[in-house]
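Novice: Before we start, here is the structure in question, set down as structure tokens.
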Amino acid sequence: MVPQLTCYGGVGEIGGNKFLIEDSGTKVMLDFGTGFSEGSEYFDSYISPRAVNGAGDLFEFGLLPQVRGLYSEKALQNTGLKYGAPEVDAIVLSHYHSDHTGRISFVDPKIPVYCGETTSLIHDAYSASSDSPLNGHELRKFRTGDKFRIGKLEFEPVHVDHSIPGAYGFVVHSSEGALAYTGDFRFHGPAGKMTEDFVEAVSRAKPAVLLTEGTRVRKGDQNSNTSESSVMAEAKRTVKGTKKLVFSTFRGNDVDRVNTFHRAAQAAGRRLVVSMKTAMLLEKLASDPRLSVPRIGKDVDVYVRRKRTGTLDDADYRPWERSFLDHGVSASDIRENQGEVFLHLEAWNFPELIDIRPDRGGTYIHAATEAFNEEGEREEQVVRNWIDHLGFRYLQIHASGHAPMDQVARVVNSSRAAAVVPIHTEHPGLFSGFRRKSSWKLRVPRKGTPISLGQR
Ligand SMILES: [Zn+2]
Numbered sequence: 025m026v027p028q029l030t031c032y033g034g035v036g037e038i039g040g041n042k043f044l045i046e047d048s049g050t051k052v053m054l055d056f057g058t059g060f061s062e063g064s065e066y067f068d069s070y071i072s073p074r075a076v077n078g079a080g081d082l083f084e085f086g087l088l089p090q091v092r093g094l095y096s097e098k099a100l101q102n103t104g105l106k107y108g109a110p111e112v113d114a115i116v117l118s119h120y121h122s123d124h125t126g127r128i129s130f131v132d133p134k135i136p137v138y139c140g141e142t143t144s145l146i147h148d149a150y151s152a153s154s155d156s157p158l159n160g161h162e163l164r165k166f167r168t169g170d171k172f173r174i175g176k177l178e179f180e181p182v183h184v185d186h187s188i189p190g191a192y193g194f195v196v197h198s199s200e201g202a203l204a205y206t207g208d209f210r211f212h213g214p215a216g217k218m219t220e221d222f223v224e225a226v227s228r229a230k231p232a233v234l235l236t237e238g239t240r241v242r243k244g245d246q247n248s249n250t251s252e253s254s255v256m257a258e259a260k261r262t263v264k265g266t267k268k269l270v271f272s273t274f275r276g277n278d279v280d281r282v283n284t285f286h287r288a289a290q291a292a293g294r295r296l297v298v299s300m301k302t303a304m305l306l307e308k309l310a311s312d313p314r315l316s317v318p319r320i321g322k323d324v325d326v327y328v329r330r331k332r333t334g335t336l337d338d339a340d341y342r343p344w345e346r347s348f349l350d351h352g353v354s355a356s357d358i359r360e361n362q363g364e365v366f367l368h369l370e371a372w373n374f375p376e377l378i379d380i381r382p383d384r385g386g387t388y389i390h391a392a393t394e395a396f397n398e399e400g401e402r403e404e405q406v407v408r409n410w411i412d413h414l415g416f417r418y419l420q421i422h423a424s425g426h427a428p429m430d431q432v433a434r435v436v437n438s439s440r441a442a443a444v445v446p447i448h449t450e451h452p453g454l455f456s457g458f459r460r461k462s463s464w465k466l467r468v469p470r471k472g473t474p475i476s477l478g479q480r
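Numbered according to my numbering, the sequence shown spans residues 25 to 480.
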């Protein structure tokens with residue numbers, strides 16, 4: 025059999041990456057994530073798939089592929105797909121974002137997951153504080169420079185810069201041509217050089233197929249290419265310019281952003297205060313010698329939510345939370361020290377502001393992507409209403425986790441790939457405008473239709 029690639033997700037959509045590579049009996053799934061707007065025609069905040077029905081409600085609408093020997097017995101118990109011994113040899117993971125990992129919770133735990141060492145630390149942190157989709161799977165860890173073989177396929181992971189630590193692209197050598205997979209990448213973060221290393225490895229391999237993300241490939245990309253270092257400069261200016269409370273919503277697992285805001289706070293003589301979930305993550309990542317993260321207690325403090333009316337009581341907190349109570353900062357601590365704090369507050373924790381009761385005139389930093397659909401716009405309006413209610417200033421300061429269109433084009437043209445398969449993009453057709461002197465073929469993927477990795 026000629027080695028082949030089948031895209032089961034990330035096709036004409038951002039997120040939901042699911043790519044099966046097959047080579048004479050070897051089957052490996054590259055990522056197995058949840059799409060951001062996947063199933064939004066059938067499910068919304070009121071109607072959701074029933075957890076008790078396993079994969080059944082998702083199969084109904086074609087939201088999960090019916091691949092044999094992939095799912096757990098529990099996931100299949102109410103479906104037409106019969107449970108059998110694993111036929112898929114492994115899942116290979118690019119990074120720990122839910123659009124790459126989310127559906128692994130349906131996968132047979134007998135199937136091992138290959139992931140970066142940093143990803144396994146992130147998993148440890150989340151499985152302690154909440155659920156992780158990798159729970160129950162054997163994790164086989166790699167780092168850049170390693171090579172590992174799964175049956176007929178040899179994997180060469182190479183680090184890339186992205187908005188979560190431990191992100192990888194891969195060169196996969198099959199019994200015929202090679203396949204390169206970018207995962208998610210950018211060049212404008214603190215570790216942009218890592219993405220250059222990946223681009224070099226791809227062009228050395230001269231792949232038959234380049235599977236590349238194109239999140240920001242669209243006409244009129246509004247996010248001019250703000251870098252993480254310009255986010256730092258703007259945040260420093262903002263924090264230095266006020267004596268009132270500054271708080272921000274951002275993804276706690278974007279460790280570059282945690283570092284950026286930690287430094288901005290420090291430069292203005294303030295303390296960064298993070299959520300408990302982020303504190304747990306930082307504590308786990310502190311053991312990674314290749315990462316620099318702020319230390320709990322030494323560099324950053326932890327916001328402690330009151331669990332019931334009255335005083336804070338250890339017994340109200342789960343065991344993993346209790347260790348942070350020593351470095352805990354309460355709503356009243358923040359109210360009394362508004363000019364000395366930079367508070368990380370996720371949107372779902374906004375009601376805490378009712379207890380904090382900050383003085384009017386403070387600053388809110390929205391450090392996330394602008395809304396790209398109606399639901400996002402509604403959520404953003406709710407945030408704006410809170411900020412107006414507090415009498416705060418609303419500022420957007422953000423750098424994307426993804427490369428802008430011209431840099432995706434550069435990656436494609438320097439890849440020396442025979443065929444380019446655009447994934448994780450809503451506009452795969454726009455890739456045809458990227459071709460310069462190079463002679464690659466554009467293969468717009470179709471869900472479930474195999475693409476050959478055979479020799480040209
Ligand atoms: Zn990502």
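Note that CB positions come from ideal geometry on N, CA and C, so glycine has one too.
Quick caveat, the model's predicted, so the values are computed rather than measured.
So what does residue 42 bridge to, in DSSP terms?
Specialist: What you label residue 42 is simply residue 18 of the sequence shown in a count that begins at 1. Answer is 33, 56.
Novice: What does DSSP give as the partner residues of residue 257 in its beta bridges?
Specialist: Indexing the sequence shown from 1 puts residue 257 at position 233. The partner list for residue 257 (beta bridge, DSSP) is empty, contrary to what the question assumes.
Novice: Using alpha carbons as the reference points, say which of 300, 273, 477 lies closest to residue 394.
Specialist: The residue labelled residue 394 in the question sits at position 370 within the sequence shown. If we check each option's Cα against that of residue 394, 273 comes out closest.
Novice: Considering just the uninterrupted stretch of the beta strand (DSSP E) at residue 193, what are its terminal residues?
Specialist: One-based indexing of the sequence shown puts residue 193 at position 169. Start and end: 191 to 197.
Novice: Secondary structure at residue 172, three-state DSSP: helix, strand or coil?
Specialist: Taking the sequence shown and counting its residues from 1, the one referred to as residue 172 is at position 148. Strand, per DSSP.
Novice: How far does the beta strand (DSSP E) with residue 272 in it reach, from first residue to last?
Specialist: Numbered from its first residue, the sequence shown carries residue 272 at position 248. Residue 272 -> beta strand (DSSP E) spans 270 to 273.
Novice: On a CA-only basis, which of 189, 343, 397, 284 is nearest residue 313? Give me that one, please.
Specialist: What you label residue 313 is simply residue 289 of the sequence shown in a count that begins at 1. Ranking 189, 343, 397, 284 by Cα distance to residue 313 puts 189 first.
Novice: From the DSSP output, which residues share a beta bridge with residue 465?
Specialist: Locating residue 465 in the sequence shown gives position 441, counting from the first residue. DSSP, once it has assigned bridges, lists 443 as partnering residue 465.
Novice: In three-state DSSP terms, what is residue 81?
Specialist: Residue 81 sits at position 57 when you count from the first residue of the sequence shown. In the structure shown, residue 81 sits in a helix (DSSP, three-state: H, G or I).
Novice: So the alpha helix (DSSP H) residue 116 belongs to, where does it begin and stop?
Specialist: Working through the sequence shown from its first residue, we reach residue 116 at position 92. Run containing residue 116: none in the alpha helix (DSSP H); it sits in the beta strand (DSSP E), 114 to 116.
Novice: Measuring alpha carbon to alpha carbon, tell me which of 95, 199, 375 ends up nearest residue 330.
Specialist: One-based indexing of the sequence shown puts residue 330 at position 306. Of the candidates 95, 199, 375, the one whose C-alpha sits nearest the C-alpha of residue 330 is 375.
Novice: Where DSSP assigns a beta bridge to residue 296, which residues make up the other side?
Specialist: Indexing the sequence shown from 1 puts residue 296 at position 272. Paired residue(s): 324, 366.
Novice: Tell me whether residue 380 sits in a helix, a strand or coil according to DSSP, three-state version.
Specialist: Start at 1 with the first residue of the sequence shown, and residue 380 comes out as number 356. Looking at residue 380 - three-state DSSP - the assignment turns out to be helix.
Novice: Where does the unbroken alpha helix (DSSP H) through residue 150 begin, and where does it stop?
Specialist: For the purposes of this step, residue 150 is taken as residue 126 along the sequence shown, with counting starting at 1. Segment 141 to 153, the alpha helix (DSSP H) holding residue 150.
Novice: Grab me the residues of residue 346's own chain with a C-beta within less than 7 Å of its C-beta, minus the 5 sequence neighbours each way, in chain order.
Specialist: Mapped onto the sequence shown, residue 346 falls at position 322. The residues are 338.
Novice: Got a sec, what are the start and stop residues for the beta strand (DSSP E) residue 182 sits in?
Specialist: The sequence position of residue 182 within the sequence shown is 158, counting from 1. Here the beta strand (DSSP E) through residue 182 covers 177 to 184.
Novice: Can you tell me which of the three DSSP states residue 428 falls into?
Specialist: Along the sequence shown, read from residue 1 onward, the residue named residue 428 stands at position 404. Three-state DSSP puts residue 428 in a strand.
Novice: So does the region 235 to 246 actually touch the region 436 to 451, counting three or more Cβ pairs closer than 8 Å?
Specialist: With a cut-off of 8 Å, the region 436 to 451 and the region 235 to 246 count as touching, because enough Cβ pairs lie within range.
Novice: Assuming residue 390 is part of the beta strand (DSSP E), what are its boundary residues?
Specialist: Start at 1 with the first residue of the sequence shown, and residue 390 comes out as number 366. Looking at the DSSP string, the run of the beta strand (DSSP E) that includes residue 390 is 387 to 390.
Novice: Could you check what DSSP says for residue 408 in three-state terms: helix, strand or coil?
Specialist: Walking along the sequence shown from the start, residue 408 turns up at place 384. If DSSP states are grouped into helix, strand and coil, residue 408 belongs with the helices.
Novice: Are there any heavy atoms of ligand 1 lying less than 6 Å away from the beta-carbon of residue 121, as far as the coordinates show?
Specialist: Here residue 121 refers to the residue found at position 97 of the sequence shown. Yes, ligand 1 has a heavy atom inside 6 Å of this Cβ.
Novice: Would you kindly work out how many angstroms separate the C-alpha atoms of residue 417 and residue 269, rounded to a whole number?
Specialist: Taking the sequence shown and counting its residues from 1, one reaches residue 417 at position 393. Taking the sequence shown and counting its residues from 1, one reaches residue 269 at position 245. Approximately 11 Å, taken between the alpha carbons.
Novice: Hey, could you find the ends of the alpha helix (DSSP H) residue 282 is sitting in?
Specialist: As a first step, residue 282 must be located in the sequence shown, where it is residue number 258. Unbroken alpha helix (DSSP H) run through residue 282: 279 to 291.
Novice: With residue 21 as the anchor, note down where its beta strand (DSSP E) starts and where it stops.
Specialist: Because residue 21 is not part of the residues shown, which for the chain are 25 to 480, the question remains open.
Novice: Compare the C-alpha of residue 4 against each of 213, 315, 118, 460 and name the closest.
Specialist: Look at the range of the chain in this structure, 25 to 480, and you will see that residue 4 is not part of it.
Novice: Can you say whether residue 278 is buried or exposed, counting buried as having 16 or more other CB atoms within 10 angstroms of its CB?
Specialist: In the sequence shown, counting from the first residue as 1, residue 278 sits at position 254. That one is buried.
Novice: Just to confirm, are residue 55 and residue 144 a CB contact at a threshold of 7 Å?
Specialist: As a working mapping, residue 55 is identified with position 31 in the sequence shown. As a working mapping, residue 144 is identified with position 120 in the sequence shown. It is not a contact, given that the beta carbons lie outside the stated cut-off.
Novice: Identify, in the order they occur along the chain, each residue of the same chain with its Cβ nearer than 7 Å to the Cβ of residue 96, setting aside the five sequence neighbours on each side.
Specialist: One-based indexing of the sequence shown puts residue 96 at position 72. 130, 131, 132, 133.
Novice: I'd like the span of the alpha helix (DSSP H) that includes residue 222, first residue to last.
Specialist: Position 198 of the sequence shown, counted from the start, is the residue given in the question as residue 222. Where residue 222 is concerned, the enclosing alpha helix (DSSP H) stretches over 216 to 229.
Novice: Can we count residue 350 as close to ligand 1, meaning its CB is less than 6 Å from some heavy atom?
Specialist: Locating residue 350 in the sequence shown gives position 326, counting from the first residue. The answer is no for residue 350.
Novice: On the premise that residue 62 lies in contact with residue 40, defined as a C-beta separation below 8 Å, what is that separation, rounded to the nearest angstrom?
Specialist: Walking along the sequence shown from the start, residue 40 turns up at place 16. Walking along the sequence shown from the start, residue 62 turns up at place 38. Right, their Cβ atoms sit about 5 Å apart.
Novice: Would residue 209 pass as a contact of residue 184 if the rule is Cβ separation under 7 Å?
Specialist: If you number the sequence shown from 1, residue 209 lands on position 185. If you number the sequence shown from 1, residue 184 lands on position 160. Going by C-beta atoms, residue 209 is nearer than 7 Å to residue 184.
Novice: Return the chain-ordered list of same chain residues with a C-beta closer than 8 Å to the C-beta of residue 443, the five sequence neighbours on each side being excluded.
Specialist: By one-based count along the sequence shown, residue 443 stands at place 419. Cβ within range, chain order: 232, 233, 234, 464, 465, 466, 467, 475.
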